[in-house]
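There are 2 protein chains.
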Amino acid sequence: MEYRRIKDQDKDEDALKDDVESLRGNSHSGSPKNVIPLGGISVDRSKWKRKSIVTLALTILTSSQAILIVWSKRAGKYEYSVTTANFLVEALKCALSLAALTRIWRIEGVTEDNRLTTTWDEVSVYPIPAALYLVKNLLQYYIFAYVDAPGYQILKNLNIISTGVLYRIILKKKLSEIQWIAFILLCAGCTTAQLNSNSDRVLQTPLQGWLMAIIMALLSGFAGVYTEAIIKKRPSRNINVQNFWLYVFGMAFNAIAILVQDFDAVMNKGFFNGYSLITVLMILNHALSGIAVSMVMKYADNIVKVYSTSVAMLLTAVVSVFLFRFHLSLAFFLGSTVVSISVYLHSIGKLQR
Amino acid sequence: MEYRRIKDQDKDEDALKDDVESLRGNSHSGSPKNVIPLGGISVDRSKWKRKSIVTLALTILTSSQAILIVWSKRAGKYEYSVTTANFLVEALKCALSLAALTRIWRIEGVTEDNRLTTTWDEVSVYPIPAALYLVKNLLQYYIFAYVDAPGYQILKNLNIISTGVLYRIILKKKLSEIQWIAFILLCAGCTTAQLNSNSDRVLQTPLQGWLMAIIMALLSGFAGVYTEAIIKKRPSRNINVQNFWLYVFGMAFNAIAILVQDFDAVMNKGFFNGYSLITVLMILNHALSGIAVSMVMKYADNIVKVYSTSVAMLLTAVVSVFLFRFHLSLAFFLGSTVVSISVYLHSIGKLQR
Chain F
1 MEYRRIKDQD KDEDALKDDV ESLRGNSHSG SPKNVIPLGG ISVDRSKWKR KSIVTLALTI
61 LTSSQAILIV WSKRAGKYEY SVTTANFLVE ALKCALSLAA LTRIWRIEGV TEDNRLTTTW
121 DEVSVYPIPA ALYLVKNLLQ YYIFAYVDAP GYQILKNLNI ISTGVLYRII LKKKLSEIQW
181 IAFILLCAGC TTAQLNSNSD RVLQTPLQGW LMAIIMALLS GFAGVYTEAI IKKRPSRNIN
241 VQNFWLYVFG MAFNAIAILV QDFDAVMNKG FFNGYSLITV LMILNHALSG IAVSMVMKYA
301 DNIVKVYSTS VAMLLTAVVS VFLFRFHLSL AFFLGSTVVS ISVYLHSIGK LQR
Chain Z
1 MEYRRIKDQD KDEDALKDDV ESLRGNSHSG SPKNVIPLGG ISVDRSKWKR KSIVTLALTI
61 LTSSQAILIV WSKRAGKYEY SVTTANFLVE ALKCALSLAA LTRIWRIEGV TEDNRLTTTW
121 DEVSVYPIPA ALYLVKNLLQ YYIFAYVDAP GYQILKNLNI ISTGVLYRII LKKKLSEIQW
181 IAFILLCAGC TTAQLNSNSD RVLQTPLQGW LMAIIMALLS GFAGVYTEAI IKKRPSRNIN
241 VQNFWLYVFG MAFNAIAILV QDFDAVMNKG FFNGYSLITV LMILNHALSG IAVSMVMKYA
301 DNIVKVYSTS VAMLLTAVVS VFLFRFHLSL AFFLGSTVVS ISVYLHSIGK LQR
């Protein structure tokens with residue numbers, strides 16, 4: 001796989017970071033359709049605006065997803081099948097992408113970049129992220145033999161570190177020393193914010209539990225980084241086309257998951273058994289946040305995704321104080337402080353790169 | 001009070017930080033006895049060595065003090081009077097300083113810098129730190145009306161922030177942005193490392209409790225920074241002379257504390273009532289760590305003191321695992337990670353100053 005285009009995109013992104021730099025002109029040969037040299041500053045500002053909007057959207061949607069999950073748990077246990085819900089999420093994302101494309105075809109007509117049909121070359125790698133997520137979700141069932149649900153939430157913070165490491169290895173993007181420190185602080189801060197009286201039990205997780213958590217973190221991280229690589233390999237390709245194909249394979253793999261894990265339940269109780277208003281809202285929200293993730297992969301990167309989902313967690317806790325009368329713990333305030341410092345260090349670390 | 005000498009000392013310390021700079025020569029008019037231009041590098045290296053040794057000594061002695069406290073609590077409650085013990089600590093420090101001076105007088109003879117007699121000008125400010133500590137210790141009794149002992153341990157971490165702020169205001173020493181961030185992380189990390197299941201109660205501390213904690217943090221911070229100012233005002237004065245006078249006033253104020261707080265108990269039960277081997281060891285250790293603090297004030301600064309006492313806390317916890325079979329919590333590992341990052345950020349922050 002060639003990554004030259006990704007490196008050109010990197011030059012694009014560096015230009016985005018500094019308006020002063022953009023005054024020197026933006027003629028990059030690699031991506032003629034993305035950057036218009038005329039009015040360089042206003043194009044860069046609109047790109048930065050787009051990057052900010054998708055980041056904000058992802059943060060809010062991730063937070064609302066968590067709030068819906070808390071709400072659904074407090075409203076009572078629903079018996080809907082998680083695998084069918086995930087399948088519908090992929091199907092809905094697929095449908096939304098197709099709807100967006102239809103609108104674009106009406107306005108712009110069908111072009112090389114926005115036509116749905118594709119080559120084997122382009123689409124042969126699209127199944128890989130979906131396959132990785134499937135393996136990870138299957139492993140998720142087995143890890144609960146070694147660790148309980150709160151412990152697993154804590155171990156999931158390893159995803160932060162794995163994303164950073166794989167971002168460096170696979171996309172070959174360097175982070176400055178300060179940014180690496182900021183990453184470790186992000187992981188420590190998120191974990192601290194989640195601490196509760198049961199947290200110490202995670203220290204007794206057997207070795208197999210730790211290994212599985214690390215493997216799952218690597219699978220998640222690799223899937224995320226690989227998705228960014230796929231999307232950015234062809235920067236001029238319309239994001240809705242790329243999403244459509246990613247989600248088609250997502251549907252396929254989730255269908256496999258239903259067959260493997262839930263076949264009996266679905267056959268006996270029905271596909272939509274246990275569905276309620278909250279379930280529908282969760283599916284809708286999950287679909288929108290999935291599309292937001294794609295947008296962040298296209299117009300920002302995995303690092304932004306990791307930061308925005310971490311900040312979303314803090315936002316969820318604060319909103320929960322008002323919605324569910326949560327009490328914020330001292331650990332939460334300490335963790336939030338560390339996460340805020342991490343965000344700040346990451347931003348000042350960029351300038352020194 | 002003039003601070004010109006302190007700023008010359010600051011130039012001395014900057015020279016210490018970089019051997020390369022010392023090659024350019026070290027003739028400072030302000031402190032001829034401290035810096036010998038001949039063999040500039042070896043003098044700087046020996047100064048850095050001395051700074052490291054006093055820092056290490058303070059860390060170890062602070063840690064051993066805490067271990068002795070834990071040991072004394074586990075061995076059973078002793079009824080010794082804390083005020084009498086503090087008085088003996090000051091008296092012992094005084095005696096040790098005098099012993100060191102006697103040795104120096106025998107070797108070097110009595111000089112302008114190491115003579116014990118002093119002027120009112122020099123010694124008029126020596127009572128101030130001791131007075132501040134007395135007020136703080138008296139307040140300490142009253143704060144327990146608003147917060148329990150573990151909560152108070154958590155609030156004491158505010159001393160870290162107050163020391164940094166007063167260091168900047170009173171000694172007019174600038175910290176770089178990264179170093180300020182490192183300071184906040186140090187405070188957050190220390191607090192995180194101390195978290196336990198009762199920690200959230202500190203969030204319910206009434207306003208008066210918070211105000212008292214802040215006032216005590218300011219008193220402690222001010223006393224520490226002021227002590228450094230006193231000691232560094234006359235950098236050529238022998239540290240044992242400065243210590244002697246500081247501790248004489250320490251003894252005086254602690255005697256006042258005994259009269260105010262413990263007079264009846266001491267008159268009825270005796271000065272040494274409840275003393276045991278552990279009490280004696282604690283007094284000895286406390287005295288040595290107090291002298292180490294003075295050395296750090298002379299050859300390093302309050303920032304180093306704050307960092308070394310924080311690292312000492314982590315060291316204590318680790319040693320307690322082996323001595324007392326403590327179990328380290330997840331919060332401890334997270335807090336230690338953040339403290340370690342703080343130490344590192346502080347050191348790289350220095351280079352950019």
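Those protein sequences? They're chains F and Z, same order as listed. Position 250 (the first sequence) corresponds to 250 in the UniProt record's numbering; numbering is contiguous. Position 90 (the second sequence) corresponds to 90 in the UniProt record's numbering; numbering is contiguous. Cβ coordinates follow ideal geometry from the N, Cα and C atoms, glycine included.
>> Just checking: is the beta-carbon of Ile341 (chain F) within a distance shorter than 8 Å of some beta-carbon in chain Z?
In response: Indexing the first sequence from 1 puts residue 341 (chain F) at position 341. So yes, Ile341 (chain F) belongs to the interface.
> By the criterion of Cβ-Cβ separation under 9 Å, what are the contact partners of Ser124 (chain F) in chain Z?
Replying inline: Numbered from its first residue, the first sequence carries residue 124 (chain F) at position 124. Result: empty, since nearest Cβ-Cβ is about 42 Å, beyond 9 Å.
>> Output needed for Thr337 (chain F): all residues of its chain with C-beta closer than 7 Å, excluding positions within five of it in sequence on either side, in chain order.
In response: Your numbering for residue 337 (chain F) matches position 337 in the first sequence. Closer than 7 Å at Cβ, skipping near neighbours: no residue.
>> Does chain Z have any CB closer than 8 Å to the CB of Asp200 (chain F)?
In response: Locating residue 200 (chain F) in the first sequence gives position 200, where the first residue counts as 1. Answer yes: the Cβ-Cβ gap between Asp200 (chain F) and chain Z drops below 8 Å somewhere.
>> Closest to Leu61 (chain Z) by C-alpha separation, out of Z:Phe87, Z:Ile348, Z:Phe333 and Z:Val296, would be which residue?
In response: As a position in the second sequence, residue 61 (chain Z) is number 61, starting the count at 1. The shortest C-alpha separation from Leu61 (chain Z) is found at Z:Val296.
>> Our contact map puts Tyr126 (chain F) next to Ile239 (chain F) with C-beta atoms below 8 Å; I'd like the distance itself, whole angstroms only.
In response: If you number the first sequence from 1, residue 126 (chain F) lands on position 126. If you number the first sequence from 1, residue 239 (chain F) lands on position 239. The pair is not a contact, with the Cβ atoms about 13 Å apart (cut-off 8 Å).
> Grouping DSSP H, G and I as helix and E and B as strand, with all else coil, what is Asn302 (chain Z)?
Replying inline: Position 302 of the second sequence, counting from 1, holds the residue named residue 302 (chain Z). In the three-state scheme derived from DSSP, where H, G and I count as helix and E and B as strand, Asn302 (chain Z) is classed as helix.
> For the putative contact between Ile283 (chain F) and Ala85 (chain F), defined by C-beta atoms under 8 Å, what is the C-beta separation to the nearest angstrom?
Replying inline: As a position in the first sequence, residue 283 (chain F) is number 283, starting the count at 1. As a position in the first sequence, residue 85 (chain F) is number 85, starting the count at 1. That pair is a contact at about 6 Å.
>> Counting only C-beta atoms, is Glu21 (chain F) closer than 8 Å to chain Z at any point?
In response: Here residue 21 (chain F) refers to the residue found at position 21 when the first sequence is read from its first residue. Annotation note: pLDDT 35 at Glu21 (chain F) (below 50); position unreliable, no value reported.
> Can you name the residues of chain Z whose CB is closer than 7 Å to the CB of Ile214 (chain F)?
Replying inline: The residue given as residue 214 (chain F) occupies position 214 in the first sequence. For Ile214 (chain F), no chain Z residue has a Cβ inside 7 Å of its Cβ, as the nearest lies near 16 Å away.
> When burial is assigned at 16 or more other CB atoms within 10 Å of the CB, is Phe244 (chain F) buried or exposed?
Replying inline: For the purposes of this step, residue 244 (chain F) is identified with residue 244 of the first sequence, where counting begins at 1. So Phe244 (chain F) counts as buried.
> If you run the structure through DSSP and keep just helix, strand and coil, what is Lys33 (chain F)?
Replying inline: Reading the first sequence from its first residue, position 33 is the one you call residue 33 (chain F). Per-residue confidence for Lys33 (chain F) stands at a pLDDT of 47, beneath the threshold of 50, marking its modelled position as unreliable; no derived number is given.
> Does the beta-carbon distance from Val306 (chain F) to Ile178 (chain F) come in below 8 Å?
Replying inline: Position 306 of the first sequence, counted from the start, is the residue given in the question as residue 306 (chain F). Position 178 of the first sequence, counted from the start, is the residue given in the question as residue 178 (chain F). It is not a contact, given that the beta carbons lie outside the stated cut-off.
> How about the region 199 to 219 of chain F and the region 91 to 109 of chain F: do they share at least three Cβ pairs that are nearer than 8 Å?
Replying inline: Because the criterion of three Cβ pairs below 8 Å is not met, the region 199 to 219 of chain F and the region 91 to 109 of chain F do not touch.
> What are the boundary residues of the alpha helix (DSSP H) that Phe253 (chain Z) is part of?
Replying inline: Indexing the second sequence from 1 puts residue 253 (chain Z) at position 253. DSSP places Phe253 (chain Z) in the uninterrupted alpha helix (DSSP H) bounded by Ile239 to Gln261.
>> Can you tell me whether Gly270 (chain F) is buried or exposed? The criterion is at least 16 other CB atoms within 10 Å of its CB, across all chains shown.
In response: By one-based count along the first sequence, residue 270 (chain F) stands at place 270. Exposed, because fewer than 16 other Cβ atoms sit within 10 Å of the Cβ of Gly270 (chain F).
>> Cutting at 8 Å between CB atoms, please list the residues of its own chain near Leu185 (chain Z), excluding the five before and the five after it.
In response: To locate residue 185 (chain Z), count along the second sequence from 1; it is residue 185. Contacts found: Val338, Val339, Ile341, Ser342 and Leu345.
> Among F:Val260, F:Val319 and F:Leu334, which has the Cα closest to the Cα of Lys64 (chain F)?
Replying inline: The count along the first sequence starts at 1 and reaches residue 64 (chain F) at position 64. For clarity, residue 64 (chain F) is Ser in the given sequence; the question names Lys instead. Measuring from the Cα of Ser64 (chain F), the nearest candidate turns out to be F:Val319.
> Within 8 Å (strictly less), CB to CB, does Leu284 (chain F) reach chain Z?
Replying inline: As a working mapping, residue 284 (chain F) is identified with position 284 in the first sequence. No, no contact with chain Z.
> In this structure, does DSSP put Ser27 (chain Z) in helix, strand or coil?
Replying inline: The residue given as residue 27 (chain Z) occupies position 27 in the second sequence. With a pLDDT of only 40 at Ser27 (chain Z), under 50, the local geometry of the prediction cannot be trusted, and the value read off the model is given with reservation. In the structure shown, Ser27 (chain Z) sits in coil (DSSP, three-state: anything other than H, G, I, E or B).
> Under 8 Å Cβ-Cβ, which residues of chain Z neighbour Leu185 (chain F)?
Replying inline: Start at 1 with the first residue of the first sequence, and residue 185 (chain F) comes out as number 185. In chain order: Leu185, Val338 and Ile341.
> Taking DSSP as the reference, what is the three-state secondary structure of Asn157 (chain F)?
Replying inline: As a working note, residue 157 (chain F) is residue 157 in the first sequence. Correct three-state label for Asn157 (chain F): coil.
>> Please classify Gly109 (chain Z) as buried or exposed, where buried requires at least 16 other C-beta atoms within 10 Å of its C-beta.
In response: The residue you call residue 109 (chain Z) lines up with position 109 of the second sequence. Label assigned to Gly109 (chain Z): exposed.
>> Against chain Z, with Cβ distances strictly below 8 Å, would Ala331 (chain F) count as a contact?
In response: Residue mapping note: residue 331 (chain F) aligns to position 331 of the first sequence, counting from 1. For Ala331 (chain F), the nearest beta carbon of chain Z is closer than 8 Å to its own beta carbon.
> With a cut-off of 8 Å, do at least 3 Cβ pairs link the region 247 to 262 of chain F to the region 127 to 145 of chain F?
Replying inline: By the Cβ rule, the region 247 to 262 of chain F counts as touching the region 127 to 145 of chain F, because three or more pairs are nearer than 8 Å.
> Taking Cβ positions only, does Thr191 (chain Z) come closer than 8 Å to chain F?
Replying inline: On the second sequence, residue 191 (chain Z) is found 191 positions in, with the first residue counted as 1. Cβ-Cβ to chain F under 8 Å: yes for Thr191 (chain Z).
>> Here's the rule: buried if 16 or more other CB atoms are within 10 angstroms of the residue's CB, otherwise exposed. What is Met212 (chain F)?
In response: On the first sequence, position 212 is the one that residue 212 (chain F) refers to. Classified as buried, Met212 (chain F) has 16 or more neighbouring CB atoms from the shown chains inside 10 Å of its CB.
> Given 8 Å as the limit, is there contact between the region 145 to 154 of chain Z and the region 196 to 212 of chain Z, that is, 3 or more CB pairs closer than that?
Replying inline: A contact exists between the region 145 to 154 of chain Z and the region 196 to 212 of chain Z.
>> Quick check: is the beta carbon of Leu175 (chain F) nearer than 8 Å to any beta carbon in chain Z?
In response: Your numbering for residue 175 (chain F) matches position 175 in the first sequence. Output row for Leu175 (chain F): interface = no.
> Which residues in chain Z sit within 8 Å of Leu195 (chain F), going by Cβ to Cβ distance?
Replying inline: As a first step, residue 195 (chain F) is located in the first sequence; it is residue number 195 there, counting from the start. Neighbours of Leu195 (chain F) across chain Z, judged by C-beta separation under 8 Å: Leu195, Leu330, Ala331 and Leu334.
> How would you call Thr205 (chain Z), buried or exposed, if buried means at least 16 neighbouring beta carbons within 10 angstroms?
Replying inline: The count along the second sequence starts at 1 and reaches residue 205 (chain Z) at position 205. By the 10 Å Cβ count, Thr205 (chain Z) comes out buried.
>> Run through chain Z and tell me which residues come within less than 8 Å of Ile181 (chain F), C-beta to C-beta.
In response: By 1-based counting over the first sequence, the position of residue 181 (chain F) is 181. Residues of chain Z with a Cβ closer than 8 Å to the Cβ of Ile181 (chain F) are, in chain order, Ile341, Tyr344 and Leu345.
>> For Tyr275 (chain F) and Tyr80 (chain F), which I take to be in contact (beta-carbon distance under 8 Å), what is that distance rounded to the nearest angstrom?
In response: The residue labelled residue 275 (chain F) in the question sits at position 275 within the first sequence. The residue labelled residue 80 (chain F) in the question sits at position 80 within the first sequence. Yes, they are in contact, since the Cβ atoms of Tyr275 (chain F) and Tyr80 (chain F) sit about 5 Å apart, within 8 Å.
> With DSSP run on the structure shown, which of helix, strand or coil describes Glu21 (chain Z)?
Replying inline: To locate residue 21 (chain Z), count along the second sequence from 1; it is residue 21. With a pLDDT of 35 at Glu21 (chain Z), under the threshold of 50, the modelled position of that residue is not reliable, and the figure given next carries that caveat. Secondary structure of Glu21 (chain Z) (DSSP, three-state): helix.
> Between Ile107 (chain Z) and the rest of its own chain, which residues show a CB-CB distance below 6 Å, the 5 nearest in sequence each way excluded?
Replying inline: Sequence index remark: in the second sequence, residue 107 (chain Z) carries index 107 (1-based). Non-local beta-carbon contacts of Ile107 (chain Z) in its own chain, meaning distances under 6 Å to residues more than five positions away in sequence, are absent.
>> I'd like to know if Ala188 (chain F) contacts chain Z, where contact means its C-beta is closer than 8 Å to some C-beta of that chain.
In response: Residue numbering aside, residue 188 (chain F) sits at position 188 when the first sequence is read from its first letter. True, the Cβ-Cβ gap to chain Z drops below 8 Å.
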